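Student:
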Amino acid sequence: MSHSILKDDPLWFKDAVIYEVPVRAFADSNGDGIGDFGGLKDKLDYIQELGVTALWILPFFPSPLKDDGYDIADYNSVNPIYGNLEDFKEFLRESHKRGIRVIIELIVNHTSDQHPWFQQARKAPPGSPERDFYVWNDNPSKYQGARIIFQDFEHSNWSWDSVANAYYWHRFYSHQPDLNYENLAVQKAILEVVDFWLEMGVDGLRLDAVPYLYEEEGTNCENLPQTHTFLQDLRSHIDEKFPNRMLLAEANQWPEDAAAYFGRGDECHMNFHFPLMPRLFMALKMEDSFPIIDILQQTPQIPNNCQWALFLRNHDELTLEMVSDEDRDYMYRVYAQDPQARINLGIRRRLSPLMENDRRRIELLNSLLFSLPGTPVLYYGDEIGMGDNIYLGDRNGVRTPMQWSADRNAGFSRTNPQRLYAPPILDPEYHYEAINVEAQRSNTNALWWSMKRLIATRKRFQAFGRGSFEFLYPDNRKVLAFTRTYAGEHILVVANLSRFVQTVELDLSPFQGMKPVEIFGRTEFPAIAEGSYFLSLSPYAFYWFTLQIEENLTPSPVPVTQLPTLEVPTGPWPSAFYQNDPKTRFELHLPHYLITRSWFTGKSRTIQSTQIVDVIPIPYQNREAQILLIQVNYTEGAAETYAFSIAYEAISVEEDLMYSDRMVAKINVQEFGETGILYEASADPDFLRFMLEAIANGWQYQGIAGKIVPYLFKTPEQLSQGIESLDPQVLRGEHKHTSIIYSDPQAEVDRHHLVLKLFRQIEEGINADLEIGEFLTRRISLDLEPNPKTFSLRSGEITPFYGSLEYRRPGKPSMTIGVLRDFIPDIRDGWSYTLDNLRGYFEQVMATPIEIADLPLPNLKDFTLDVTSKSTDLDLESHDSMAEIPEVVYSLIGSYLSSAERLGQYMAEFHLALASDLDNRHFAPEPFSSFYQRSIYQYMRNLSGKTLLFLQKRLNRLPEDWQSIAMDLINRKDQLLKRFGSVIDLKITALRTRCHGDYHLEQVLYTGKDFVITNFEGETNRPLSERRMKRSPLRDVAGMLQSFHYAASVALQQEVDNGMIDPDNLSDMEQWSDFWCSWVNLVFVKAYLQNASQGNFLPDTPREMQVLLDAYILEKSVYAISYELTHRPTWVRIPLSRTLKLLQVSDMSYLIPLLQSRSTSGSHG
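As structure tokens, this is what we get:
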């Protein structure tokens, strides 16, 4: 075989542009409705014209085609539907004549169950060489640590074979048994397959599913050392016999594991960078460069003779295995809102539908594909923006016939359309009559020409395939900027990830004096001088220069200075929300009003626009209010929906109105000759009273797009008893929702009260507060009396839930607008109760003659508990969490130790209740896995990276003495990530359960003698779907431990501000604060562990407990830095200092802060 037209270059793959094509989907030459090698050969001129230098051909071997040919039945032949070996050889020769190399599949992990090897194995006796070609066992109990990859289709990695009377192992479909690489005969057979195709002239082999070749008990059966040994042998075999050939690994792993498949340059030449791919989409939707930068920073250096393969889409789903649970949830929400688009752990969509057919976004992603470090892999049809059909089943919707023209069958085949292996795309937006090669090649402004130019440009500059890579770090994170350098070539790439115009200032000092020349148009830009280099970029624009984000320029909203006037020419006042002019004016004014409201959570973001998406009339007391659903669109990030109630009051003099603090707009109702004020209906007691009556009576209210429906846990008759006498009162001091208390002012103190919590920001899906509240209410199975009191969840208390208000639309998930539950009067939250206790504590210690250096501290072993027994009959008398506390500690801290014990006990009982229903998929515990541990780490890593970038950005706004603390933390980024990395260094045997999600002192109520756990909605700044995720309950424990630290820090500062503590004595008093935290932490943790050990969700060993709790405590502290920078900048020193202290210890001594103080500061009186 002559390769004379191909360069004699062992590193040819670095400069390649690879085009992935399934034979059956590309072109049908014989009219049977199935693509074949004859058709593919006929289209080689098209591929050459596009600029492609290598073809990756999907499986074409004999196969039952249950998995698109990956269920191989013969390694050394061609499936007759595609042609024969001579057809393949002719295709190969013609490809090489055009300078196009050919890469085929080597399906090394498994075969079809129809392969002769398997048919022989199942009939052969156990222990025979034939039988040992595959992995067998008498029962399916082995290798339980291995995950199930195709979760939507398989429930086990073992399947029973009735002929062999044994179970066989398979990592994918049950019809694809895994080969046994412990058998040297298997290795020899695979090497013979390799020789067969490489001797024919094939240039490269893609190794399918290579991480799973070996199995070993006690592992996850992935990335095992034996796999790398085999790959080294395979590489050596190929290098000795076949020069200039390439091995491409399919290793869907995190960067450090994927990079291992390069070895030391002696395993695979190339490997797909699976973790980068979804983050390209994430970064574009988030309009934030962080996901791309972060994953490439995690990517190890690879040998010089190796290369990453980059891709946007391929024949499989857009895999989301290598992202955190939170990122996967985000990707599903923004790119796969239709559940039909989701499969396994991914999204079965093509590039163009994912980008909503937005040409700018498609070109932007391709510009990154072709300029980031690696070799680009282009999926057939994406060069013209083909659509998909997610209703074809499996992943076949992205494998439809190539669209060549507007002719019958899209020019793919001459056959009767009913004979096609799959129908062409008929969706109007992507119909083959509109989207096809012929139409686009005739229009030089079409996407095809853009892709052709991009490919040609990449091929001109070797820096893209072989050059060094350096990120630039502009302030504006909406802009991604980096340089590529090789052999005198200097390339600057700048990309705007935002849908709006952006400006950026880049540090190009290493290139001072050079002139950027835009590559495509060869336009010269001003020379690089001293200082930052300024650029502006249009939406989704990118620049490639031969030779990067400023704050968003949209002005911030201003407070309301004058109410706008809405003119309603016809109809009553509600017509303002239906008629274009007043509706538009109202929507334009809303941002100015929203930023003045305490419940509006988008104050730190720039509002682009607001839109009324539904109007629901609510008649009451001979009046009418309107509940508006407002969509708030921002210049960055996802939109939010708010529920907003509006009422009307006709006035003659504005100042006479009682709702002055809730006025939204003036309104002239011209037909009725009235002038009035629109105001928030929540200011009207009659409206609030009516809301309760609506729930009690099950009244529904229809809007334009949906309706408001009450959802009752109790019958309306029970709820209706006695509510006529209940007066409503809005609870003061809450920020993210509005709570209305209903009580009888004439009744006795312990009379029944209700509270209706109205959520201002609403999301699709059941609110976690409602879901958990209803679950616990039903789980306890109480017979609620007409005047119920709070009920016990074991010893702790929660308040029962009665019902809710929901907004429902056809074909959409419901949205929770409000929840109704019992209310305990005359209570305070745990935060204020704790601050009062600390005030008394500080007063006492200031008066005590005791030297703090002489006081006892808890022992670290006191924070551990043998939870491996999983006792179900715990004797609390014999496990008193305060039994060994010295008397002097009692005398100083007092009754708050009992409070801490109770808080720990109640939290444990709360977790036990949430984990008690094994049949409820929303609450049933799930085991930890190595992939989930990696997800925890990745989430913490993402949080750290974003927080430190935000801290760096806000550094100059901090007081000078705080800036050094902040810089110290910023410089410890690697140490911080290493600490979080401990989560993946140890196998953790624990369960994930539903949790509170935001457990701290403000989320518990103090009745004067006991505590009530409340507010189950989680951290409300996170998406609802994320708040409903299952996590380790230890995350709640970490939240309360942080809250204790916060309370002690704030109380101490209050005493300084009050003049009670001299600032000169602050360091001494800080040790007393640490002393309080040390003992309160001990009591709380011991009480929690003693009670929680009745369940099975805690880690099995103290070491696992330490690693997990350590990570969660550190995560909480890092998260608090970002929160305080945004909401309470004057508090940011608390989490800054705490995070640094946490980094200074490596064991659970962070639970004894005074131990740290003594080791760093010495003893103080």
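Under full-length UniProt numbering, the first residue of the sequence shown is numbered 1, with each subsequent residue one higher. Don't be surprised by glycine CBs; every beta carbon is placed ideally from N, CA and C. As the structure is a computational prediction, the values presented were derived from the model and not from experiment.
Go through its chain and collect everything with a Cβ distance to Phe-644's Cβ below 6 Å, but skip five positions before and after it.
Tutor: One-based indexing of the sequence shown puts residue 644 at position 644. Once the five neighbours on either side are set aside, the close Cβ partners of Phe-644 are Leu-628 and Ile-630.
Student: Pull up the distance between the alpha-carbon of Ala-966 and that of Leu-1125, whole angstroms please.
Tutor: Position 966 of the sequence shown holds residue 966. Position 1125 of the sequence shown holds residue 1125. Approximately 12 Å between the Cα atoms of the pair.
Student: Based on Cα-Cα distance, which residue from Met-846, Ser-1122, Ile-1113 and Tyr-543 lies nearest to Ile-1141?
Tutor: Counting from one through the sequence shown, the residue named residue 1141 turns up at place 1141. Reading off the sequence shown, one finds Lys at residue 1141, where the question assumed Ile. Nearest C-alpha to Lys-1141: Ile-1113.
Student: Below 8 Å on the Cβ atoms is my guess for Asn-357 versus Glu-429; work out the distance and round it to an integer in Å.
Tutor: Taking the first residue of the sequence shown as 1, we reach residue 357 at position 357. Taking the first residue of the sequence shown as 1, we reach residue 429 at position 429. The C-beta distance from Asn-357 to Glu-429 rounds to 6 Å, short enough to meet the 8 Å contact threshold.
Student: Where does Tyr-634 sit, in a helix, a strand or coil, going by DSSP?
Tutor: Working through the sequence shown from its first residue, we reach residue 634 at position 634. In this structure, Tyr-634 counts as strand in the three-state DSSP scheme.
Student: Name the two residues that bound the continuous beta strand (DSSP E) containing Leu-320.
Tutor: Here the question's residue 320 lines up with position 320 in the sequence shown. Taken as a continuous stretch (DSSP letters only), Leu-320 belongs to no beta strand (DSSP E), as it is neither H nor E.
Student: Is Thr-444 buried or exposed, if buried means 16 or more other CB atoms sit within 10 Å of its CB?
Tutor: Indexing the sequence shown from 1 puts residue 444 at position 444. Thr-444 is exposed by the Cβ-count criterion.
Student: Please report whether the beta-carbon of Pro-516 lies at a distance below 8 Å from any beta-carbon of chain C.
Tutor: Absence of chain C from the displayed structure is noted, only one protein chain being present.
Student: Determine the DSSP secondary structure at Ser-814, reduced to helix, strand or coil.
Tutor: Along the sequence shown, one-based indexing puts residue 814 at 814. Looking at Ser-814 - three-state DSSP - the assignment turns out to be coil, as it is neither helix nor strand.
Student: If you check the beta carbons only, do Met-277 and Leu-312 fall under 8 Å apart?
Tutor: Within the sequence shown, numbered from 1, the residue matching residue 277 stands at position 277. Within the sequence shown, numbered from 1, the residue matching residue 312 stands at position 312. The answer is yes: Cβ separation under 8 Å.
Student: Would you call the segment 30-45 and the segment 399-415 in contact, with 3 or more CB pairs under 8 Å?
Tutor: yes
Student: Name the DSSP beta bridge partners of Pro-564, please?
Tutor: Residue 564 sits at position 564 when you count from the first residue of the sequence shown. According to DSSP, which records beta bridges pairwise, Pro-564 is partnered with nothing at all.
Student: I'd like to know whether the C-beta atoms of Ile-47 and Ile-104 end up nearer to each other than 8 Å.
Tutor: Counted from its first residue, the sequence shown places residue 47 at position 47. Counted from its first residue, the sequence shown places residue 104 at position 104. Taking 8 Å as the Cβ cut-off, Ile-47 and Ile-104 do not qualify as a contacting pair.
Student: Taking the alpha-carbon positions, what's the Tyr-391 to Ser-156 distance?
Tutor: Start at 1 with the first residue of the sequence shown, and residue 391 comes out as number 391. Start at 1 with the first residue of the sequence shown, and residue 156 comes out as number 156. Computed Cα separation, rounded: 26 Å.
Student: Compute the distance between the beta-carbons of Leu-6 and His-96, then report whether it is under 8 Å.
Tutor: Stepping through the sequence shown from its first residue, residue 6 is reached at position 6. Stepping through the sequence shown from its first residue, residue 96 is reached at position 96. Contact: yes.
Student: Does the ligand ATP have a heavy atom nearer than 7 Å to the CB of Ala-283?
Tutor: This structure lacks the ligand ATP; in fact it carries no ligand of any kind.
Student: Any contact of the segment 122-135 with the segment 239-248, i.e. 3+ C-beta pairs under 8 Å?
Tutor: no
Student: Taking 8 Å as the cut-off, decide whether the C-beta atoms of Gln-512 and Val-479 are in contact.
Tutor: In the sequence shown, residue 512 corresponds to position 512, counting from 1. In the sequence shown, residue 479 corresponds to position 479, counting from 1. Result no, Cβ atoms of Gln-512 and Val-479 do not sit closer than 8 Å.
Student: Pull up the CB-CB distance for Glu-671 and Thr-570, whole angstroms please, since I reckon it's below 8 Å.
Tutor: Translated into the one-based positions of the sequence shown, residue 671 becomes position 671. Translated into the one-based positions of the sequence shown, residue 570 becomes position 570. So it is a contact: roughly 5 Å between Cβ atoms.
Student: Can you give me the start and stop residues for the alpha helix (DSSP H) that Gly-38 sits inside?
Tutor: If you number the sequence shown from 1, residue 38 lands on position 38. In the DSSP annotation of this structure, the continuous segment of the alpha helix (DSSP H) that includes Gly-38 starts and ends at 37-42.
Student: If distances are taken between C-alpha atoms only, which option among Ala-527, Arg-597, Ala-665 and Pro-810 comes closest to Lys-583?
Tutor: Residue mapping note: residue 583 aligns to position 583 of the sequence shown, counting from 1. The residue with the shortest Cα to Cα distance from Lys-583 is Ala-665.
Student: Please state if the CB of Thr-1020 and the CB of Lys-757 are separated by a distance shorter than 8 Å.
Tutor: By one-based count along the sequence shown, residue 757 stands at place 757. By one-based count along the sequence shown, residue 1020 stands at place 1020. Against a cut-off of 8 Å, the Cβ pair of Thr-1020 and Lys-757 comes out as no contact.
Student: Alpha carbons only, please: which of Val-1132, Leu-731, Ala-463 and Gln-626 is nearest the one belonging to Thr-483?
Tutor: As a position in the sequence shown, residue 483 is number 483, starting the count at 1. Among Val-1132, Leu-731, Ala-463 and Gln-626, the Cα nearest to that of Thr-483 belongs to Ala-463.
Student: Just to confirm, is the Cβ distance from Pro-303 to Ala-251 under 8 Å?
Tutor: Start at 1 with the first residue of the sequence shown, and residue 303 comes out as number 303. Start at 1 with the first residue of the sequence shown, and residue 251 comes out as number 251. No; because the gap between Cβ atoms is not below 8 Å, this pair is not in contact.
Student: Under three-state DSSP, which class holds Pro-927?
Tutor: Mapped onto the sequence shown, residue 927 falls at position 927. Looking at Pro-927 - three-state DSSP - the assignment turns out to be strand.
Student: Please state whether DSSP places Val-163 in a helix, a strand or coil.
Tutor: Here residue 163 refers to the residue found at position 163 when the sequence shown is read from its first residue. Coil at Val-163, not helix or strand.
Student: Could you give the first and the last residue of the continuous beta strand (DSSP E) run that contains Leu-754?
Tutor: Here the question's residue 754 lines up with position 754 in the sequence shown. From DSSP, the beta strand (DSSP E) with Leu-754 extends over 753-759.
Student: What's the gap between the Cα of Ser-935 and the Cα of Asp-1100?
Tutor: What you label residue 935 is simply residue 935 of the sequence shown in a count that begins at 1. What you label residue 1100 is simply residue 1100 of the sequence shown in a count that begins at 1. If you take the alpha carbons of Ser-935 and Asp-1100, they lie about 20 Å apart.
Student: On a Cα-Cα basis, can you pick out the residue from Trp-544, Asn-476, Leu-320 and Ser-538 that is closest to Phe-461?
Tutor: Position 461 of the sequence shown holds residue 461. For the residues Trp-544, Asn-476, Leu-320 and Ser-538, the minimum Cα distance to Phe-461 belongs to Trp-544.
Student: Could you name the residues of the same chain whose beta carbon sits closer than 8 Å to that of Arg-732, not counting the 5 residues immediately before and after it, in chain order?
Tutor: In the sequence shown, the residue the question calls residue 732 occupies position 732. Taken in chain order, the list of residues that qualify is empty.
Student: For Glu-20, which of Ser-289, Met-282, Pro-376 and Gln-337 has the nearest alpha-carbon?
Tutor: Position 20 of the sequence shown holds residue 20. The shortest C-alpha separation from Glu-20 is found at Pro-376.
Student: Is it true that the segment 882-896 meets the segment 948-960, where meeting means three or more beta-carbon pairs spaced less than 8 Å apart?
Tutor: no
Student: Evaluate the contact criterion for the segment 697-717 versus the segment 798-818: three or more CB pairs, one atom per stretch, below 8 Å.
Tutor: yes
Student: Rank Pro-373, Phe-600, Lys-452 and Met-322 by C-alpha distance to the C-alpha of Gly-381 and give the top, closest one.
Tutor: Numbered from 1 along the sequence shown, position 381 holds the residue referred to as residue 381. The shortest C-alpha separation from Gly-381 is found at Lys-452.
Student: Beta-carbon separation of Gly-765 and Pro-813 under 8 Å?
Tutor: Taking the first residue of the sequence shown as position 1, residue 765 is located at position 765. Taking the first residue of the sequence shown as position 1, residue 813 is located at position 813. Result yes, Cβ atoms of Gly-765 and Pro-813 sit closer than 8 Å.
Student: Does the segment 491-509 come close enough to the segment 310-324 that 3 or more CB-CB pairs lie under 8 Å?
Tutor: Output reads no: the segment 491-509 does not touch the segment 310-324.
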